[in-house]
Structures are given as C-alpha cells and as structure tokens.
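> Be aware that the sequence shown starts at 1, since it is given in the UniProt record's numbering, and climbs by one per residue. Just so you know, even glycine gets a beta-carbon here, dropped at the ideal spot from N, CA and C. Note that the coordinates shown come from a computational prediction; the quantities given were computed from them, not determined experimentally.
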Amino acid sequence: MADVLVVGGGGREHAIAVKLRESPKVRHVFCAPGNGGTATEERMTNLPIGDSDVPALVAAAKEKAVALVFVGPEAPLCAGLADALQEAKLPCFGPTQKAAELEASKAFSKDFFAKYKLPTASYRTFKSGEHEAALKYLEAEYSAGREVVVKASGLAAGKGVLMPQTLEEAKDAVKQVMVDKVFGAAGDETVIEQLLIGEEVSCMAFSDGQRAAMMVPAQDHKRVDDNDQGPNTGGMGAYAPAPCLTPELKPQVEEVLQRTVEALATEGRRYVGVLYGGFMLTKDGPMLLEYNCRFGDPETQVLLPLLDSDLFEVALGCAEGNLAARVPEVTWKPGAAATVVCAARGYPGSYPKGLPLSGIEEANSVEGVKVYHAGTKQGDGLVSTGGRVLAVTGQAPSFKEALTRAYAGVAKISFDPPGVAVGAWAKRRPEENPGIRVPKRRIHAQYENWLGFPAEPKSHARVVAATIFALKKKKAAGLGVFGSLECQFFRHDMFGFPKRTDTQGKSLLFEFEGCQLCASCGWSNAQPCDADG
C-alpha cells in the first residue's frame with residue numbers, strides 16, 4: 001500500500017484527501033498544511049508546511065517516501081512545485097510552472113486561445129501605465145453598445161474579475177485594478193473582454209499530457225449577494241452534474257479541452273493534472289472564459305463524491321503520462337451532489353476569525369452528508385481561520401434531495417457567538433425547470449428551526465412574500481425565497497409552483513405540507529402580506 005501527500009489546506013484539499021483515502025491502494029494521506037478537518041480524520045496527518053514552501057514540500061515527500069504528490073491550489077504550481085518534484089523523481093499530479101501559466105496569466109491564456117482558434121470573447125490587454133488607453137478602449141466599446149468584463153491578469157484567489165454594469169462602473173473597475181492595485185501584482189496586466197451572455201458551467205478534465213478525460217459538468221456560484229449580485233468570492237456553493245451542458249453541447253466542450261491539451265504539448269507545455277475550463281454557453285455555442293490549472297473549489301466537493309473510479313489510480317496514471325494504462329475509462333456514479341459554503345459574516349471583505357464551531361459531527365450524521373473543512377483549525381476545540389469556513393455537501397439520487405440534505409447538514413452547525421451568517425446559494429432548480437432563476441439568501445446556522453416555520457404556521461401573522469423572478473425574455477417565472485419572523489431560510493424546493501403565476505401583483509396561493517400560505521407578489525420585490533393562510 002502507498003502513502004500520498006496532498007498539498008493545500010482548503011475544502012478542496014479535504015475532499016481530495018478523503019477521496020484518495022477510499023482507494024484500497026492508499027495506506028495514509030499526509031496533508032500540508034491541512035486544516036481542522038484533515039487533522040481529525042482517520043489515516044490522515046497534517047504536516048506544518050506552507051503550501052508554497054517548495055523546498056520543504058519536496059523534502060517532506062522524500063522523507064515520507066510517498067508514491068504520489070497531489071497538488072490542490074494554483075499558487076504552488078505556478079511557483080514551480082511540479083518541476084521541483086519531477087527533478088527529484090517524485091510523481092506529481094499537477095502541471096509544471098510553464099503549463100500552469102494558462103491560469104497564472106489571463107493575458108497569456110487569451111493570446112493562447114486566439115493563436116489556436118479556441119472559442120472565446122474578443123479582448124484587449126493593457127499593461128501598467130496604459131490606464132488612459134484602457135479608458136479610451138472602454139469608451140469605444142460602450143459607444144458601440146458592447147458591455148465588458150475587467151480582469152486582473154494574475155492570480156487573485158478567484159476574486160480578480162469585475163463585472164461593471166455601466167461605462168462609469170467599468171472605468172472605476174479599471175482604476176481599481178490598474179491604479180489602486182486592489183489585486184496587487186495580479187493587476188500588472190489587465191484584460192478587458194466582451195461580456196458574454198449565457199449560462200456558465202465548469203468543465204474539468206483529467207489530463208495525462210495526451211488525453212483529456214472530461215468529468216461530469218458542475219456549476220458554482222461566486223457572487224456573495226442575492227440575485228447573483230455583489231462581489232465575486234472563491235465560491236459560495238456548487239452542484240453537479242449541471243444539466244445546462246446538454247448531450248448536444250458536451251462533445252463541443254470535450255473537443256475544446258482535447259485541443260487545448262494537444263496545443264499545450266505542441267508548445268512544450270505538456271499538461272498533467274486537472275484542466276479546468278470555465279465555459280459560457282452562448283447562443284453561438286460554448287465559449288471559453290478562462291482556464292484554471294487545478295480542481296475548482298467548491299466544485300471538488302461535489303465532483304469527487306460522484307467519482308466512481310479510484311482517484312489514486314487516475315492521478316498516478318496521469319502523472320505517469322498514460323492514464324489509459326491504469327484507468328481505461330473514468331467512470332461516475334449516478335445521482336447528484338450539492339454543496340453549501342458556510343462563510344463568516346463580512347466575507348469576502350473583512351470578517352472575524354477564531355470563532356468556535358460546533359455541530360460538525362451531527363451534520364456528518366445526516367444521511368448523505370459530508371462536511372469538508374476549509375478555514376478551520378484545531379486548538380482548544382475547532383475554530384474558524386478564514387472567510388470560507390466549511391462546505392457542507394449533500395449527495396442523493398436527485399438534485400432536489402441532495403440540496404435538501406446539504407441544508408439539513410448546515411442546520412446542525414453553529415458558530416459562536418450566534419448571529420454569524422453562513423452563505424447560501426442557488427441560481428436555479430436544474431431538475432425542475434432550467435429556465436427558472438431564484439435568489440440567493442443567507443441562513444443563520446444557529447437556528448434549529450431552519451425551515452423557518454413553527455409547528456403551528458398560523459402563529460405567524462405575517463409571511464414575507466415570495467419574489468417572482470423571470471428571464472429577460474420572460475419565458476418563465478419561479479418561486480423565490482420565503483422568510484419568517486425568526487429567520488431567513490432557503491428551501492424553495494419544498495414548495496410547488498402555483499397553477500397560475502401572475503407577475504402583476506395579484507395574490508398567489510402556495511401549499512406547504514398541507515398548509516396554504518398567501519403571498520402578495522410583485523414583479524421583482526417582495527412585499528409583506530398580513531393574510532394568515
């Protein structure tokens with residue numbers, strides 16, 4: 001049996017370590033640095049080594065005589081960890097520094113897309129000192145009726161993408177990146193590209209340098225506020241498989257991933273590891289937004305529970321340059337998985353740390369639920385250390401049941417002091433109507449009554465009405481989020497759609513476990529309703 005080393009300390013790395021441990025060929029998993037979750041798992045040991053300390057990581061891999069080093073985050077890969085491990089004759093699942101430039105520099109990746117005719121948005125790149133030229137470009141784009149996205153070219157922990165709504169906001173975004181340097185050196189180059197309209201999907205593949213074996217598609221949710229608004233985060237939730245990638249579209253994405261692996265090899269950038277393509281499904285077909293050189297976080301927390309193949313064998317096959325020799329076909333389990341990220345209030349801005357956590361064991365006892373730690377550590381008990389603290393994953397035969405299980409797990413978890421919010425997401429109900437969009441809300445983990453209704457519904461004099469959302473073309477309207485006097489919650493999947501949806505402000509009747517609730521709904525704003533159901 002073999003020992004392995006997982007580099008990183010987030011929820012992604014906890015999920016990777018758990019999946020590797022499932023292999024009958026793995027004896028022990030070392031995590032550097034790991035977190036509060038990996039510290040207490042059986043057959044796992046944390047090593048006090050930073051994930052970007054390349055010499056110390058190579059030395060630890062040698063000392064522990066590991067059969068494989070599995071690198072989670074992008075920073076050590078972009079710093080050359082895979083190169084150093086290869087030089088030491090240690091198998092590494094992760095791309096070299098040269099190959100990882102695909103993520104390290106958005107300017108490089110956009111030029112790469114153009115060179116190899118990979119489908120992507122039109123763009124311009126601006127270096128430091130070209131602020132005035134960037135402003136002129138913005139004015140020309142908006143004068144032509146084209147909206148843009150502003151991106152810091154370098155690594156910014158998934159937060160370097162700004163999505164302005166107006167020309168003035170676009171100018172401010174460029175100023176933030178190029179002048180104010182809110183993303184530091186990541187903004188030494190700035191990419192301004194055309195705004196693409198469509199459904200975004202995360203499409204990842206295992207690559208051995210020759211072949212791209214695509215995983216099931218996933219969708220993550222990055223905005224921190226309701227209605228897909230607010231600043232980008234590292235990710236507030238995810239689910240898989242994402243049905244927006246239809247059987248008709250999947251071959252197109254697979255072709256792009258395979259062409260990318262082949263093009264990188266042509267350039268002397270042989271790619272080993274996870275190739276993560278962010279795609280926008282537009283009216284003109286799938287378009288590349290960007291590539292990442294590692295598993296997504298929190299997508300990993302929904303993808304790996306669905307992986308049927310042995311992850312150790314898959315990763316080792318890729319590291320050896322011949323995935324097919326070890327795993328002829330990567331297989332997946334039926335069903336679905338959904339994860340909810342619990343984040344400290346204030347994230348992605350300033351947030352409290354050192355908050356005691358409880359209820360993790362109770363959450364893990366819920367059927368089909370696994371809690372993956374991110375910003376946690378063990379001391380005198382378990383405490384928070386980061387903005388994204390936990391990811392609670394539910395797995396079930398259907399998406400609806402998976403999400404139900406995830407929120408049942410969240411309900412068991414408490415922060416101390418009370419009142420610290422945890423992130424809750426939802427962009428749509430993929431199983432029921434792919435055209436329906438619903439808002440995101442926050443739920444408060446300390447509330448036992450997470451459904452938001454007491455045993456006697458009529459004890460509530462007021463029910464906050466559902467908000468009806470529609471697509472731009474008004475093809476569909478969907479049920480929003482209810483709130484009670486005690487707390488807010490997200491459980492729209494427990495409700496059925498009314499037979500007649502009126503978006504002009506008339507009353508609608510919903511049923512919930514035999515109790516009827518009256519909701520007076522506006523087009524896009526909730527109003528209180530004094531009817532007692």
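#1: Classify residue 35 as helix, strand or coil using the three-state DSSP reduction.
#2: Quick check on residue 40: does DSSP put it in helix, strand or coil?
#3: Whole angstroms are fine: how far does the CA of residue 247 sit from the CA of residue 203?
#4: Which first and last residues belong to the beta strand (DSSP E) in which residue 124 is found?
#5: Is it buried or exposed, residue 398, if we count other Cβ atoms within 10 angstroms and call 16 or more buried?
#6: Rounded to the nearest angstrom, what separates residue 8 and residue 144 at their Cα positions?
#7: In chain order, what residues of the same chain have a beta carbon less than 6 angstroms from the beta carbon of residue 295, not counting five sequence neighbours either side?
#8: Any chance the CB of residue 220 is under 7 angstroms from a heavy atom of the ligand COA?
#9: Going by Cα to Cα distance, which pick from 236, 169, 68, 179 is closest to residue 388?
#10: Would you tell me roughly how many angstroms separate the C-alpha atoms of residue 304 and residue 142, rounded to the nearest one?
#11: Can you tell me where the beta strand (DSSP E) with residue 3 in it begins and where it stops?
#12: Taking the C-alpha atoms as reference points, what is the distance between residue 317 and residue 205?
#13: Note down the Cα distance separating residue 401 from residue 37, rounded to an integer number of angstroms.
#14: Could you tell me whether the Cβ atoms of residue 309 and residue 339 are closer together than 8 angstroms?
#15: Going by C-alpha to C-alpha distance, which of 32, 25, 90, 33 sits closest to residue 534?
#16: Kindly list the residues whose CB is nearer than 6 angstroms to the CB of residue 153, restricted to its own chain and excluding five residues on each side of it in sequence; keep chain order.
#17: Within its chain, find whatever has a CB closer than 7 angstroms to the CB of residue 52; leave out the 5 residues flanking it on each side and keep chain order.
#18: Using CA atoms only, rank isn't needed, just tell me which of 62, 16, 55 is closest to residue 44.
#19: Between which two residues does the alpha helix (DSSP H) containing residue 244 stretch?
#20: Suppose you measure from the CA of residue 10 to the CA of residue 373; what does that come to, to the nearest Å?
#21: Report the three-state DSSP secondary structure of residue 293 (helix, strand or coil).
#22: Tell me, to the nearest whole angstrom, how far the beta carbon of residue 155 is from that of residue 240; I am working on the premise that it is less than 8 angstroms.
#23: Quick one: give me the first and last residue of the alpha helix (DSSP H) that residue 409 is part of.
#24: Should residue 504 be labelled buried (16 or more other beta-carbon atoms within 10 Å of its own) or exposed?
#25: Under a Cβ-count criterion, where at least 16 other Cβ atoms within 10 Å of its own Cβ denotes burial, should residue 452 be classed as buried or exposed?
#26: Using only the alpha-carbon positions, how far apart do residue 32 and residue 140 sit?
#27: Give the straight-line distance between the Cα atoms of residue 56 and residue 94, rounded to the nearest whole angstrom.
#28: Would residue 262 and residue 278 be called neighbours here (beta carbons separated by less than 8 angstroms)?
#29: Considering only DSSP beta bridges, list what residue 281 is partnered with.
Well, looking at it:
#1: coil
#2: coil
#3: 14 angstroms
#4: 123-127
#5: exposed
#6: 45 angstroms
#7: 12, 274
#8: Although the ligand COA was asked about, the structure shown includes no ligands whatsoever.
#9: 236
#10: 42 angstroms
#11: 2-8
#12: 14 angstroms
#13: 25 angstroms
#14: no
#15: The question about residue 534 has no answer here: the residues shown for the chain are numbered 1 through 533.
#16: 105, 106, 107, 189, 191
#17: 75, 76, 79
#18: 16
#19: Per DSSP, residue 244 belongs to no alpha helix (DSSP H) and is neither H nor E.
#20: 7 angstroms
#21: coil
#22: Residue 155 to residue 240, Cβ: 25 angstroms. No contact.
#23: 399-410
#24: With a pLDDT of only 37 at residue 504, under 50, the local geometry of the prediction cannot be trusted, and the value read off the model is given with reservation. Exposed.
#25: Any answer about residue 452 is weak, because its pLDDT of 31 lies below 50 and its placement is not dependable; what the coordinates show is given next. Residue 452 comes out buried.
#26: 48 angstroms
#27: 17 angstroms
#28: no
#29: 199, 286
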